[in-house]
Amino acid sequence: MQVFQSWEGNATRLHRCACVHRCTYGDPRGSCVLLTVAASLFLTSGLIGRSWATVFSSAGYTVRLYDVVQQQVDSAIQDIRHQLNELEKNGMLRGTSKPEEQMALISGCSDLAKAIEGSIHIQECVPENLELKRKIFQELDGLMNDDVILSSSTSCLLPSKLFSGLKHVKQCIVSHPVNPTYYVPLVELVPHPETQPSVVEKTYALMKRVGQVPVKLIREIDGFALNRIQYAIIGEAWRLVTEGIISPEDVDLVMTAGLGMRYAFMGPFETIHLNAEGTKNYCERYAVGMKRVLSSFGPPPEFRDDEIQNIHQALSRRIPADPEHLNARRHDRDVYLAALAKLKKKM
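Residue numbers for the sequence shown follow my numbering, beginning at 23 and rising by one.
Structure follows, in structure tokens:
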């Protein structure tokens, strides 16, 4: 559910958009309603919700867009149609259906109660604002029945802070996608301490059916798994640059021409398993050295203004930080990720 505010003079207008899936879990082509972002007033706030819409429609599910302002729904549908046509033109369209066939699965709705009627999976896509999300979950809590799964797309807010106190807390879970969702299929599933195991399993099965790659966290932790690993990399990369060890450009090459080459196909544990005669042998050889290096990492970076400016300037020399150049590079990224996804499917 996407909720955002726009200020017009002294008046505050509240727009609400949601992601709601109506699915039959035993049937991968069953009915699925996705109420997703129609957030044209915020240029970037609708990316995740609209990506969910394209993912579900590509898998043959019915998708419904919800917003209290019908114009926002119409705008979102137009944007998704354009995206699907561009994907087809560039050979990156998922599934076997043509854009017009996928668009036939997408409709709009401006009544939240009607939108979730009969649904069994609700996917929220509100910006990362705890108070805002809590208000939306409380509203949904009063509308949903005992069979609905309420799922959040949050990237960092803990389920215990999002869902505690809700009547339907046992039906709540975080399903955190990765941006861009259409090309990077990972979804982190993070349960609330009271989430029923069946909710985790049903959500896992749903994500598999729409072509995503879900992973299950046994319990919640700040940053989940992906961002904890990502922040560890960013933190050490930042230290290496700010301490004058290496340039920002060469740090990126360490990843793109080194670690990233193999991490696209195998994770860190499989990597060490193959780099010796199994994981046990790797640790026998390298554990002492790993501990020595890890102990030298120091505290988290402060991300001082001067450090930020220096790294920003270094990146801007290659990719100027204006919409034209950034969007062009994002397009390149998506093309490369789509090609990589196709390759991985053939393996």
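A virtual CB, placed ideally from N, CA and C, is assigned to each residue, including glycine.
Because the structure is a prediction, the values reported are computed rather than measured.
- prompt: By a C-beta neighbour count over all protein chains shown, 10 Å radius and 16 as the cutoff for buried, is Ser338 buried or exposed?
  reply: With fewer than 16 Cβ atoms within 10 Å of its Cβ, Ser338 is classed as exposed.
- prompt: I think Cys131 touches Tyr83, with their Cβ atoms under 8 Å apart; what is that distance to the nearest whole Å?
  reply: Actually they are not in contact, since the Cβ atoms of Cys131 and Tyr83 sit about 15 Å apart, beyond 8 Å.
task: Quick one: using the 10 Å Cβ neighbour count with 16 as the cut-off for buried, is Ile70 buried or exposed?
output: buried
task: Put Leu262 into one of helix, strand or coil per three-state DSSP.
output: Here Leu262 sits in helix by DSSP.
task: Could you tell me how far apart the beta carbons of Ile22 and Leu162 are, in whole angstroms, since I believe they sit closer than 8 Å?
output: Since the first residue of the chain shown is 23 and the last is 369, residue 22 is not available in this structure.
message: Please report the distance separating the alpha-carbon of Lys368 from that of Arg284.
response: 17 Å
task: Rank Ile138, Ser318, Tyr253 by C-alpha distance to the C-alpha of Asp168 and give the top, closest one.
output: Comparing Cα-Cα distances from Asp168 to each of Ile138, Ser318, Tyr253, the minimum goes to Ile138.
- prompt: Excluding sequence positions up to five away, which residues of its chain have a Cβ less than 6 Å from the Cβ of Met229?
  reply: Val209, Pro236
- request: Reducing DSSP to helix, strand and coil, say where Cys131 ends up.
  value: strand
query: Run through DSSP, which three-state label would Arg86 get?
result: In the structure shown, Arg86 adopts extended strand secondary structure according to DSSP, grouped into three states.
task: Take Asn107 as the anchor and find which of Cys194, Ala336, Ala254, Thr76 has the nearest alpha-carbon.
output: Thr76
message: Distance check for Ile128 and Lys366, CA to CA, integer angstroms please.
response: 29 Å
query: For Lys238, does the three-state DSSP call read helix, strand or coil?
result: Here Lys238 carries a strand assignment [DSSP, helix/strand/coil].
query: Exposed or buried, Lys155, counting other C-beta atoms within 10 Å across all chains shown (16 or more means buried)?
result: Counting every other CB atom within 10 Å of its CB across the protein chains shown gives Lys155 a total of 16 or more, marking it as buried.
message: Considering Cα atoms alone, identify which of Tyr226, Pro321, Thr293 is closest to Ser197.
response: Tyr226
- prompt: Which residue or residues does DSSP assign as beta-bridge partners of Cys147?
  reply: According to DSSP, Cys147 bridges with nothing at all.
message: Suppose you measure from the CA of Phe319 to the CA of Tyr304; what does that come to, to the nearest Å?
response: 21 Å
message: Could you check whether Thr176 and Ile195 sit closer than 8 Å to each other, using their CB atoms as the reference points?
response: Taking C-beta atoms as the reference points, Ile195 and Thr176 fail to come closer than 8 Å.
Nearest-angstrom beta carbon gap, Arg86 and Gly233 [assumed within contact, 8 Å]: Actually they do not touch by this definition, with Cβ atoms about 20 Å apart.
message: Given a cut-off of 8 Å on the beta-carbon distance, is the pair Lys238 and Leu262 in contact?
response: Annotated as distal: Lys238 and Leu262, with beta-carbon spacing of 8 Å or more.
query: Can the beta-carbon of Gly257 be found closer than 8 Å to that of Pro323?
result: Result yes, Cβ atoms of Gly257 and Pro323 sit closer than 8 Å.
Contacts around Ala135, its chain only, beta-carbon distance under 6 Å, and the 5 residues preceding and following it disregarded: Leu165
query: Helix or strand or just coil, what does DSSP make of Ile341?
result: coil
message: Here's a check: name, in chain order, each residue in its chain whose Cβ is nearer than 8 Å to the Cβ of Leu184, leaving out the five neighbours to either side.
response: Leu152, Lys155, Arg156, Phe159, Ser174, Thr176, Cys194, Val196, His214
task: Taking only the alpha-carbon atoms, compute the straight-line gap between Ile267 and Asn332 and give it to the nearest angstrom.
output: 14 Å
- request: Taking Val170 as the reference, give the member of Pro181, Ser220, Gly187 with the closest Cα.
  value: Considering only alpha carbons, the answer is Ser220.
Secondary structure, beta strand (DSSP E): runs of 3+ residues fully inside the region 165 to 245: 171 to 174, 194 to 199, 208 to 213, 235 to 238
field: Within 8 Å, strictly: CB atoms of Glu146 and Leu179
entry: Cβ distance not < 8 Å, so Glu146 and Leu179 don't count as in contact.
message: Pop quiz: Val206 and Val200 are said to be a contact at Cβ under 8 Å. What is the actual Cβ separation, rounded to whole angstroms?
response: 4 Å
query: What separation, rounded to the nearest whole angstrom, lies between the Cα atoms of Asp96 and Ala309?
result: 57 Å
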